[in-house]
Amino acid sequence: MDAYSLRAYSNIYLILGSCHNNFNAAIREYAEQYPERRHPIREVFRRLDDRMRTTGHVIPVQSADAGQVHFRPTPQLEERVLQPLKRMKL
39 MDAYSLRAYS
49 NIYLILGSCH
59 NNFNAAIREY
69 AEQYPERRHP
79 IREVFRRLDD
89 RMRTTGHVIP
99 VQSADAGQVH
109 FRPTPQLEER
119 VLQPLKRMKL
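Heads up: the sequence shown is residues 39 to 128, going by this note's numbering.
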């Protein structure tokens, strides 16, 4: 399912604050105020609250290394990396 718009996330967070961080009350209040919109589940409120407290971002920010290939170090890889340094005789 698609993410919410910036406006929807902002409304979700404002309603959560007006409900004193009571997720269940915020869910009911959001549904009351915006009956025509898709209604977020508790997890959306929780993740948004956590994201705002830890990063300050309303919209989820994709990690800078998302989608990159990660290499598992092996003795062979370590040796290839260290060989040029050994030749330099530091």
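Yeah, the Cβ is synthetic: ideal placement off N, Cα and C, and Gly gets one too.
With H, G and I counted as helix, E and B as strand and the rest as coil, what does DSSP make of E74? Translated into positions along the sequence shown, residue 74 becomes position 36. Of the three classes helix, strand and coil, the one that applies to E74 here is coil, per DSSP.
Can you have a look at I65 and say buried or exposed, based on whether 16 or more other CB atoms are within 10 angstroms of its CB? Within the sequence shown, the letter at position 27 stands for residue 65. The C-beta of I65 has 16 or more other C-beta atoms within 10 Å across all chains shown, which makes the residue buried.
Please report the straight-line C-alpha distance between R91 and P78, rounded to a whole angstrom. The residue you call residue 91 lines up with position 53 of the sequence shown. The residue you call residue 78 lines up with position 40 of the sequence shown. Looking at the two C-alpha atoms, the distance is approximately 19 Å.
Please list, in chain order, all residues of the same chain as N62 whose beta carbon is under 8 Å from its beta carbon, the five residues on each side excluded. Within the sequence shown, residue 62 is the residue found at index 24, counting from 1. Same-chain partners within the cutoff: R80.
Hey, how far is the Cα of A41 from the Cα of L54? The residue you call residue 41 lines up with position 3 of the sequence shown. The residue you call residue 54 lines up with position 16 of the sequence shown. Their backbone Cα atoms lie some 18 Å apart in a straight line.
Considering V119, what are the terminal residues of the alpha helix (DSSP H) in which it resides? Mapped onto the sequence shown, residue 119 falls at position 81. Run containing V119: 113–126, per the alpha helix (DSSP H) assignment.
Since C57 and E67 should fall inside the 8 Å C-beta cutoff, what is the C-beta to C-beta distance between them, to a whole number of angstroms? The count along the sequence shown starts at 1 and reaches residue 57 at position 19. The count along the sequence shown starts at 1 and reaches residue 67 at position 29. Rounded to the nearest angstrom, the Cβ distance from C57 to E67 is 6 Å, consistent with a contact under 8 Å.
Taking 8 Å as the threshold (beta carbon to beta carbon), is H77 in contact with chain D? Chain labels in this structure do not include chain D; a single protein chain is all it has.
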